[in-house]
Structures are given as C-alpha cells and as structure tokens.
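Using my numbering, you'd call the opening residue of the sequence shown number 703 and step up by one each time. Glycine included, each C-beta is placed from N, C-alpha and C at the ideal position. All values reported here derive from a predicted model rather than from experimental measurement.
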Amino acid sequence: MRIVFVRIEAQENADEYSNEVEQLRGTVARNEEEKQRLEAELLQIKEMLQREVARADAESRRSNVIIAEYKQICQRLEDDYNAAKTTLSELRAKVSKCEKCRTCIMDSSNILADIAHPLENRIDPMLHRVQERVRELELELAQTKLAHVEAECRNQDLTHQLHATASELQAARNSWPWLSKTLSSIKEAANKREVLAPAALRDLRRDSAPGGDLHHLIHSRSRDARDSLKEVV
C-alpha cells in the first residue's frame with residue numbers, strides 16, 4: 703500500500719511541476735511581449751524627442767537671423783540719421799555767415815526742431831512683429847525643454863521597466879533546466895515503482911493469505927518425522 707501512495711504522490715508532484723513549467727512559459731511569453739512593447743514605445747519617444755529638438759533648433763536659428771537683420775536695419779537708420787544731422791549742422795554753419803540766410807534759418811528753426819530721431823517714440827511694426835515672434839519662440843523653447851525633461855523621465859522609467867522585465871525573463875529561463883530535470887527524475891522514479899509494484903503486491907498477498915503459516919508448520923513436521931524413521935531403520 704505504501705508503494706501505491708508513493709506513486710500517487712510522485713504523480714501529483716509531477717503534475718504540479720508541469721503546471722509550474724506551463725505558468726513560467728506563459729510568464730516568459732508575457733514578459734517578451736511587454737519587452738517588445740516597451741522597446742517600441744521607447745523608440746517612439748526618442749524619435750519624437752529628436753524631431754522636437756530639431757524643430758526648436760530650426761526656429762531658434764531663424765529667429766536669430768531675423769533679429770540680426772533687424773539690428774542691421776536699425777544700425778543703418780542710426781548711421782543715416784547721424785550723417786544727415788552732421789550735414790545739416792555743417793550747412794547751417796555755412797549759411798549762418800550770410801545775414802539774409804541767417805534770418806531764414808531763424809524762421810525755419812522751428813521746422814528743423816521737429817526733425818527727430820527716426821527710432822524715437824515710434825513703434826515700428828516690424829520691430830513689434832519681431833518682438834512678438836521672439837516671445838513665441840521663447841515660449842516654444844521652454845515648452846520643448848519641458849517636454850524634453852518629461853521624455854527623459856519617461857525614458858528612464860521605460861529603461862528600468864525593460865531591465866526588470868529582462869531580469870525576470872532571464873530568471874525564468876534559468877529555472878527551466880532545474881524544473882525539467884526534477885520533473886524527469888520524478889517521472890522516472892514513478893515508472894520504476896510502477897514496474898516493481900506488481901511483484902511486491904504478489905509477495906504481500908502470498909504472505910497475507912489465510913492458512914499460510916499452518917501449511918508451513920505441517921510441512922516442517924512431516925519432514926522431521928521422515929528423518930526419524932530413516933534413523934530407526
């Protein structure tokens with residue numbers, strides 16, 4: 703009876719290990735899918751980040767070109783104004799030597815006083831557009847930097863998850879040989895016990911059969927009686 707119990711227990715252990723192996727295989731398959739999904743998501747985030755950085759760099763270069771051109775225009779206007787002012791001063795100095803011309807200069811002084819710097823108290827539409835564009839680019843640059851930081855954080859999280867999944871996958875793969883070997887040993891032991899069980903059961907039935915001891919005792923006494931008769935003869 704003990705052999706039967708051991709065989710049943712071995713079969714149960716074999717079934718349990720088989721179920722565990724199937725569960726591990728399912729876990730490995732799920733981890734493989736999760737790993738592929740994380741790798742694809744990580745690649746998409748990297749590509750999106752590269753596109754955003756390239757777009758921000760292009761916008762920054764374009765805005766720098768616009769600002770440089772506007773500075774050149776302002777500098778040219780400043781130079782023209784200074785040259786005109788110098789020429790006017792020289793002309794007034796020459797004309798002031800004449801009495802009649804001096805009177806004309808005094809009458810036109812009010813008109814000349816109205817001539818102001820071309821950039822003073824004047825809102826240039828181009829300057830306004832450039833300033834607005836610069837503010838927009840600064841805002842976009844700040845948003846791009848924020849998105850870059852968020853993408854880096856997400857990238858780190860995905861990298862950690864990917865490493866954890868890879869570690870679990872490797873651990874599951876490393877446990878397969880041990881489980882397979884244990885399962886094979888249990889099945890082999892169960893098969894051996896199954897072969898030896900019929901002989902053991904026959905011996906057990908013969909020893910436990912009714913009248914077995916009495917038959918052995920009668921046979922022994924008959925043999926002793928025959929030996930005694932031989933000695934008398």
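L864 and E834 have their alpha carbons spaced roughly 44 Å apart. Here S720 carries a helix assignment [DSSP, helix/strand/coil].
Comparing alpha-carbon positions, the option among V723, T788, D759 lying closest to L843 turns out to be D759. Less than 8 Å separates the beta-carbon of L744 from that of N857. Q777 and N766 have their C-alpha atoms some 16 Å from each other.
Annotated three-state conformation of S798 is coil, per DSSP. Minimum Cα-Cα distance from E854 among the listed residues E761, E754, K748 corresponds to K748. A residue is called buried once 16 or more other Cβ atoms fall within 10 Å of its Cβ, and A795, having fewer, is exposed.
By the Cβ-count criterion, A712 is buried, with 16 or more other Cβ atoms from all chains shown falling within 10 Å of its own Cβ.
Separation of E838 and E780 (C-alpha to C-alpha, rounded to the nearest whole angstrom) is 28 Å. A straight line joining the alpha-carbon of S762 with that of L848 spans about 16 Å. Taking C-beta atoms as the reference points, L860 and L751 fail to come closer than 8 Å.
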